[in-house]
Every structure is written in C-alpha cells, then in structure tokens.
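Asker: Be aware that the sequence shown starts at 1305, since it is given in the numbering used here, and climbs by one per residue. The beta-carbon is built from N, C-alpha and C at its ideal position, and this holds for glycine as well.
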Amino acid sequence: MLTVASDIDVLARFGRALADPIRCQILLALRQAPAYPADLADAFGVSRTRLSNHLACLRDCGLVVTVPDGRRTRYELADDRLGHALDDLRTAVVAVESERTCVDADDQGCC
C-alpha cells in the first residue's frame, strides 16, 4: 500500500540518498538519461553487486524506478522534478570556512 510521506521523511530519504558519492553519481547520470545497471557500473568503475546495492537504496528512497526493457531493466529518475532539484542543489553556493566543520561533527558524524 502506498502512503504519502511527510515532508521530514521525504527530506530524510533524499539526504540518505545523497550521503554516498556513488549514489550521487548515479542520480546525476540518470538526470541526463535513463541507464542500465551494467553500463553505470562500468562507467563508475564499481562492481555490479555494489552498484545494485546503491540502486536498491535509491529505489527504497523513492528516487529511481525500474523500467522493463525486453530482458533488461533500465533505471530512471522517479520524477523529472528530481533532476531539477539536483541541478538546484548542485549549483547552490554554500560558504564554508576551510578549517571549520559542523558544530556537531564529532558527535554526529557529519561533515
């Protein structure tokens, strides 16, 4: 059964997806065009098993969907607006002092 996620859940899932560089690469690649897992694994230089785990995470987060294509499965962004959101995040300017981290970096593991 599908349910509507709260705003906090949606942002937390998006943050979880962006927390790994490989998942970021996948999302940015899918922003350009749908792709097959084997092609993504080759492009990023990771094993197909590792890529599959990342794709499962992105599916669970609701950010990508599978599209059957004959005997293969293609991946694409779940919604075109995600591509625009990624562009906005990617081009946002964040000023960070080079020797500073988040206040809670040691306790929370951020930054």
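1) Measure from the alpha carbon of D1364 to the alpha carbon of each residue in Y1340, P1372, A1321, A1339, then state which is nearest.
2) For V1368, does the count of other Cβ atoms within 10 angstroms reach 16, so buried, or fall short, so exposed?
3) Measure the CB-CB distance between A1339 and A1333 and report whether it falls below 8 angstroms.
4) Return the bridge partner residues of V1371 from the DSSP annotation.
5) Kindly indicate which three-state DSSP category R1363 falls into: helix, strand or coil?
6) To the nearest angstrom, how far is the alpha carbon of D1383 from that of G1366?
7) Would F1348 and I1312 be called neighbours here (beta carbons separated by less than 8 angstroms)?
Answerer: Taking the coordinates as given:
1) A1321
2) buried
3) yes
4) R1378
5) helix
6) 9 angstroms
7) no
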